[in-house]
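Structure, as structure tokens:
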Amino acid sequence: MEVAKIIKSMEKEDFRVLRAIERGMRRAATVKMSNICFFSKLKMEEVLFRLNKIHKNNLIIR
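Going by UniProt numbering, the sequence shown opens with residue 1, and the numbers climb by one from there.
Set out below in structure tokens:
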């Protein structure tokens, strides 16, 4: 049930970052910040903010 609350609280930019990570992982096990910015079409500062938020919710491993 906790996962449902986390997903419900996420914003569209959070999902854009997660999708960017998935796209980057098609070719490699790790994804560079520049690739996340490119795929998500977000600025570096925004990506860092979103990654911190997503990481705190244990949805990614850094």
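C-beta: ideal position from N, C-alpha, C; glycine also. Because the structure is a prediction, the values reported are computed rather than measured.
**OP:** Could you pull out every residue in the same chain whose Cβ sits closer than 6 Å to the Cβ of residue 13, ignoring the five residues on either side in sequence?
**Re:** Locating residue 13 in the sequence shown gives position 13, where the first residue counts as 1. Excluding five sequence positions before and after residue 13, the CB atoms of its chain that fall closer than 6 Å to its own CB belong to 50, given in chain order.
**OP:** Express the C-alpha separation of residue 16 and residue 2 in angstroms, rounding to a whole number.
**Re:** As a first step, residue 2 is located in the sequence shown; it is residue number 2 there, counting from the start. As a first step, residue 16 is located in the sequence shown; it is residue number 16 there, counting from the start. The straight-line gap separating the alpha-carbon atoms of residue 2 and residue 16 is approximately 21 Å.
Original post:
For the alpha helix (DSSP H) that residue 16 lies in, which residues bound it at each end?
Top reply: Stepping through the sequence shown from its first residue, residue 16 is reached at position 16. In the DSSP annotation of this structure, the continuous segment of the alpha helix (DSSP H) that includes residue 16 starts and ends at 12-24.
Subject >> Proximity winner among 61, 62, 18, 59, relative to residue 38 (alpha-carbon distances) >> reply: Translated into the one-based positions of the sequence shown, residue 38 becomes position 38. Of the listed residues, the one whose Cα sits closest to residue 38 is 18.
Original post:
Grouping DSSP H, G and I as helix and E and B as strand, with all else coil, what is residue 62?
Top reply: Position 62 of the sequence shown, counted from the start, is the residue given in the question as residue 62. Note: residue 62 maps to coil in three-state DSSP.
**OP:** Return helix, strand or coil for residue 47, following the three-state DSSP convention.
**Re:** Looking up residue 47 in the sequence shown gives position 47. Helix, per DSSP.
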